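> The opening position of the sequence shown corresponds to residue 2 in this note's numbering, with each subsequent residue numbered one higher.
Below is a structure I'd like to ask you about.
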Amino acid sequence: RNDTAPSGAPAPGDGFPVDFRIQGALQANEWSDLSVFSGYGPADGAQVFDLQPGRYRYIRVMASRLGRITGLPGEFYFQLAELQVIGE
């Protein structure tokens, strides 16, 4: 996210998860952790993650602690501007 908060304040990276894991699966409901992050952020701009190589049909981001939102005390969201997976 790289826009403004509801308060009108700049909000780059608002809502990006703090603790999260990127998981992959070849079959539904058979998820494997490809990368695990704790205490991440705030994330401003494009974030690039190198993941374990392998074959995956599905990719997901599972957040266990969400990022704060500028101008909204006590509010937490999970917001991504875009998710892109690039592989061979």
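Glycine residues also receive a C-beta, built at the ideal position from the N, C-alpha and C atoms.
Computed from a prediction, not measured in an experiment: that's the story for all the values here.
The beta strand (DSSP E) that contains Ala-64, what's its start and end?
59-66
> Provide the residue(s) that pair with Ser-39 in DSSP beta bridges, ordered along the chain.
None, per the DSSP bridge assignment.
> Once DSSP output is grouped into helix, strand and coil, what is the label at Gly-55?
Assignment of Gly-55 by DSSP, reduced to helix, strand and coil, places it in the coil class.
> Going straight from the alpha carbon of Phe-77 to that of Pro-54, what length do you get?
32 Å
> Out of curiosity, what's the CA-to-CA distance linking Asp-15 and Tyr-59?
26 Å
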